[in-house]
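Residue numbers (my numbering), protein chains in the order written: chain A, 1 to 508; chain B, 1001 to 1312; chain C, 2001 to 2317. For glycine and all other residues, C-beta sits at the position ideal for the given N, C-alpha and C. The structure displayed is predicted, hence computed values, not measured ones.
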């Protein structure tokens, strides 16, 4: 009954030459509907490719598109590579890109980040295609790097048997358990060195780490920070990427009672002042993070990253702000006003509660020092967390998110901009900083000059973080990948959606 | 009843207990070594829990991240955890929750079972049928899974957890009590009492109750250990308290994340649960031995008390 | 014997009905609108009120409770228990797939527990109040007090982390089952041992045993042939209950060892609010338990000729 190899093909791997076992987090593949993306997102199994791709320092480089140009007022012309075939043998051409990318995205509500409409794509010639978003969108090439914008082979069923152009092709998928891909020998670019990759899902980071230690997997996507030292001690290696993610709290400023306290900006600033980020990074995260409070990766805002100042640790200032707002100490040290205690609900978190532990407890004790009683509500997965966003029954929402494309305004627009697509509306209804923010960030969607884009995003972040304290960043997070010594050639990417596997090999 | 433990075998064991006079009881208990050890353990834990504010050297929630994973020292007798909180203080305060919920839940279970069993046994008829059917269905489930499902559905939280545990575990008691009442009901003294015009409830109260209290008390004590383990297990799975509360099961769950670098975090709460359950079990065992006429060498007909379990 | 069996089967029906009702009602106790919850899982976003109303109609949630229940039962007996919110695949498929994995732990653990408990219990009874007995009583009491999840963590800490003898977690190869099985065996072994001891003691006190002894039959013969058989019967019953518990999946152990059995399925379903799965698991566990107990009862009558009649004294209602 106990046949070995349920999940770990280690015995076959050395024989067949180079099969890698990789541990990923939660399986969140959507299999049906316009959002379907088996093999695409959040685990990019390298089956599909996009027109452009993201370098680890957030630059955009050509991939399936050799080059592109912007044709005013609002059209992008992409010149495709001529030597690409899908894994089913069909050639990649403008028709395929129209069907497998632009028309597919047009079916998603709002047309996805690139704002694709049913008539947006026009074939110019066999390898040239024009794309006109439904609204002015100057960030299309930056946005196309996102793996959910992969080019799907026309006629293939993405929920059943995904077919793309990537260096690996689909073998098998078991929901919540694993997805297996194998080398694509006809790949147009640098062919994969590995024969096979088995991606296994471990929503529990502890389990993932244990699997790595026990050699069940050779590589783990994210290793809990507290385990880094012990893993190194066991001969495993850790590779860190540049900063590309954030650990931050969002304040519910449009809440209904009893979650209406954070409508007062002084309260929000008090919270921001009341957290010792140095201690958080150094002691709770074991020094494996930065104290950047830009929310968006600082490298994507250069040279304007310094516009976002952030908050220092100043509990006295916090207390005086609270006093100014009319809160007085009660009997148990918790502040009160008009008979109401200062109680905030901290919802942890995105993508799951266990990613953040023990940060909520740390924050709870910090805020207690300034007289705020924090109740922690944990949610084990993104679906149940989303439910609390939808219902608005929280004050502070703790999230860890990644910048996954080259558009610095991507996350702020997605989550906080009210003029954007309706897809994230629940976020906007809780956190939208308002018209001033919208005004500041709008240019990031319409400016051609990338410098101006960075400036506009930096100014918007300054507004949201420094002036309004709607976004309360806690730390800048970089990705930590754990692997055993035999894994070579891995390029750590700050966005784990954009990890490429064709250069990876196993030694020995 | 003992079913709440995962993998508990056999359900409640056969129990005969006649409550002797107080003197005899005390004497018997003092003489029985196991019972004494059990009482000592239980009472020291209970005392420690009650006096937690006095005994705890620190605030159990005082975070001091710089000093995380500190080894045992004068300042932190059992060391600190992953946020620099004093483990001993957390254990002491956690004792209040763990022991308190176990005792409260067990009492709730036995009282509810007693009440419903009495109603079924004495009133008979439709009431009996309905209650007995419900008992059958409840006993048809492994109670841990059912408690798990109910807690999951009600939502995590110690209150919901206790509610779920009580709701699924009372059936065993009810069945035993009902059985006892049915047996007692036929006895001559009940007839006699009724004949002399003593009211029904009076009979129930005074006569029947005294004969039932014995087994119920023993079972309750025996069960506390199992209920403690069950509640800790549910809490361990994340369905109990929320951070930063230091209930033992939750502490054990947190300790799991630091297994390789700080096994202490897992050792101490687990030992606490183990000792407390042991104390309850020793005491219950000893109590049963003292009260059980069998140990005084009387003969009883075989199979009169087959183990209770679901009868389809 | 035949009538007894039929009687038992007849009593089965109301219990099964009750179980199914409980399983069905349980999922409907959930907070929130079931149609909305269902849609939100399927669509991965908040549904509009129009969509919710439409789904309510489609799922038949506007019908009276009894009608919904009967409809559900109708599907259930045909093995159609809905689709999991998490995996979007039929619930019965997932359950069926995982039963063997749970059996891999439950059966060895149950057998091992029995193999330990019986000899230990017998020895304890035979050497009553002497050293072996004291030892057994202490050990089994301690064993029944150990939280199985703590034992699991201790074992992992020692044998998997410190000494790397077995894998830390996950189902991979026979070695990986050792720790979970040990963790599962302790409590039932302890409880069954105590039980075996007490029934053995009871039997040993019987008249016919004393007679046999008086007749000069050697001790071991008495114990082996006469006492053992009769005292085993209640132990078999207790064992059946243990097995029933184990078959349903041991949630905590499977969760710790990331063992892909029913127990892990249950806790995952509960944490993810996969209501169709929770419903199905509750139903399954009730039915299994009832079936096992029925089999035990019937085997009981085979083993003990005294209990072949309809009336069974205590316990029947």
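> Using a Cβ-Cβ cut-off of 6 Å (strictly less than) and excluding sequence neighbours within five positions of residue 489 of chain A, which residues of its own chain qualify?
Replying inline: Result list for residue 489 of chain A: 503, 504 and 505, in chain order.
>> For a test of the three-state rule: what should DSSP assign to residue 309 of chain A, helix, strand or coil?
In response: DSSP places residue 309 of chain A in coil when its eight states are reduced to three.
>> Less than 7 Å between CB atoms is the rule here; does residue 1283 of chain B satisfy it with respect to chain C?
In response: Judged by the 7 Å Cβ criterion, residue 1283 of chain B is not in contact with chain C.
> How many Å lie between residue 479 of chain A and residue 491 of chain A at the Cα?
Replying inline: Distance between the alpha carbons of residue 479 of chain A and residue 491 of chain A: 11 Å.
> If you measure from the beta carbon of residue 497 of chain A to each beta carbon in chain C, is any gap under 7 Å?
Replying inline: No, residue 497 of chain A lies away from the interface with chain C (no Cβ there is under 7 Å from its Cβ).
> Under the rule that 16 or more other beta-carbon atoms within 10 Å means buried, what is residue 2070 of chain C, buried or exposed?
Replying inline: Residue 2070 of chain C comes out exposed.
>> What does the Cβ neighbour count give for residue 1040 of chain B, buried or exposed, with the cut at 16 atoms within 10 Å?
In response: Exposed: under 16 other Cβ atoms inside 10 Å.
> Residues of chain C with a CB under 7 Å from the CB of residue 213 of chain A: which are they?
Replying inline: Near residue 213 of chain A (Cβ distances below 7 Å), the residues of chain C are 2168.
> For the candidate residues A/391, A/351, A/68 and A/401, whose alpha-carbon lies nearest to that of residue 379 of chain A?
Replying inline: Ranked by Cα distance from residue 379 of chain A, the first of A/391, A/351, A/68 and A/401 is A/351.
> Of all the CB atoms in chain B, is at least one closer than 7 Å to the CB of residue 2018 of chain C?
Replying inline: Look at residue 2018 of chain C: its C-beta is under 7 Å from a C-beta on chain B.
>> Closest to residue 1081 of chain B by C-alpha separation, out of B/1237, B/1177, B/1063 and B/1074, would be which residue?
In response: Answer by Cα proximity: B/1063.
> If you follow the beta strand (DSSP E) that residue 295 of chain A is part of, which residue opens it and which one closes it?
Replying inline: Premise fails: residue 295 of chain A is in no beta strand (DSSP E) and is neither H nor E.
>> Counting only Cβ pairs nearer than 9 Å, list the residues of chain C close to residue 216 of chain A.
In response: Under the 9 Å cutoff, chain C gives 2167, 2168, 2169, 2170 and 2172.
> Does the beta carbon of residue 34 of chain A come closer than 7 Å to any beta carbon on chain C?
Replying inline: No, residue 34 of chain A does not count as interfacial toward chain C.
> Is the segment 2275-2290 of chain C touching the segment 2104-2121 of chain C in the sense that three or more CB pairs, one from each, lie closer than 8 Å?
Replying inline: Contact between the segment 2104-2121 of chain C and the segment 2275-2290 of chain C is absent, because fewer than three Cβ pairs lie under 8 Å.
> Ends of the beta strand (DSSP E) at residue 21 of chain A?
Replying inline: Residue 21 of chain A -> beta strand (DSSP E) spans 19-24.
>> Check this for me: beta carbons of residue 329 of chain A and residue 321 of chain A, under 7 Å apart or not?
In response: No.
>> Between residue 175 of chain A and chain B, is any beta-carbon pair separated by less than 7 Å?
In response: Not closer than 7 Å to any Cβ of chain B, the Cβ of residue 175 of chain A fails to qualify, so no.
>> Checking the sheet assignment: what are the DSSP bridge partners for residue 377 of chain A?
In response: DSSP lists A/347 as partners of residue 377 of chain A.
> Can you pull the DSSP bridge partners for residue 249 of chain A?
Replying inline: A/398 and A/472, per the DSSP bridge assignment.
>> Going by DSSP, what residue range makes up the alpha helix (DSSP H) through residue 1189 of chain B?
In response: Taken as a continuous stretch (DSSP letters only), the alpha helix (DSSP H) holding residue 1189 of chain B covers 1188-1195.
> Can you round the beta-carbon distance between residue 1234 of chain B and residue 1284 of chain B to whole angstroms, since I take them to be within the 8 Å contact cut?
Replying inline: Separation of the CB atoms of residue 1234 of chain B and residue 1284 of chain B is rounded to 21 Å, and the pair is thereby denied contact status at 8 Å.
> Starting from residue 2273 of chain C and walking both ways along the alpha helix (DSSP H), at which residues does that stretch end?
Replying inline: Membership of residue 2273 of chain C in any alpha helix (DSSP H) is not indicated, and neither H nor E is assigned to it by DSSP.
>> Between residue 313 of chain A and residue 278 of chain A, how many whole angstroms is the CB-CB distance? I'm expecting something under 8 Å.
In response: The Cβ separation is near 7 Å, so the contact holds.
>> Quick check on residue 2153 of chain C: does DSSP put it in helix, strand or coil?
In response: In the structure shown, residue 2153 of chain C falls within a helical segment according to DSSP collapsed to helix, strand and coil.
> Is DSSP giving residue 1248 of chain B helix, strand or coil here?
Replying inline: Residue state for residue 1248 of chain B is assigned as helix, using DSSP reduced to three classes.
> With 7 Å set as the bound, which would you pick, yes or no: does the beta-carbon of residue 2258 of chain C sit closer than that to a beta-carbon of chain A?
Replying inline: Chain A contact via Cβ: present.
> Cβ atoms of residue 19 of chain A and residue 184 of chain A: under 7 Å apart, would you say?
Replying inline: No Cβ-Cβ contact shorter than 7 Å links residue 184 of chain A with residue 19 of chain A.
>> Once DSSP output is grouped into helix, strand and coil, what is the label at residue 33 of chain A?
In response: Looking at residue 33 of chain A - three-state DSSP - the assignment turns out to be coil, as it is neither helix nor strand.
> residue 2144 of chain C touches chain B at which residues, Cβ-Cβ below 7 Å?
Replying inline: Chain B residues near residue 2144 of chain C: 1281.
> Do you know how far the Cα of residue 463 of chain A is from the Cα of residue 2 of chain A?
Replying inline: Caution applies to residue 2 of chain A, whose pLDDT of 41 falls short of 50 and renders its modelled position unreliable; the model cannot decide the point.
> In whole angstroms, what is the alpha-carbon distance linking residue 2095 of chain C and residue 119 of chain A?
Replying inline: Here the alpha carbon of residue 2095 of chain C sits roughly 46 Å from the alpha carbon of residue 119 of chain A.
>> I need the boundaries of the beta strand (DSSP E) containing residue 201 of chain A, first residue and last residue.
In response: Taken as a continuous stretch (DSSP letters only), the beta strand (DSSP E) holding residue 201 of chain A covers 196-201.
>> Between which two residues does the beta strand (DSSP E) holding residue 130 of chain A run?
In response: For residue 130 of chain A, the enclosing beta strand (DSSP E) has its first and last residue at 128-131.
> Does DSSP put residue 114 of chain A in a helix, in a strand, or in coil?
Replying inline: Here residue 114 of chain A carries a coil assignment [DSSP, helix/strand/coil].
>> Considering only their Cβ atoms, is the gap separating residue 1274 of chain B from residue 2146 of chain C smaller than 7 Å?
In response: Taking a C-beta distance under 7 Å as the contact criterion, residue 2146 of chain C and residue 1274 of chain B qualify as a contact pair.
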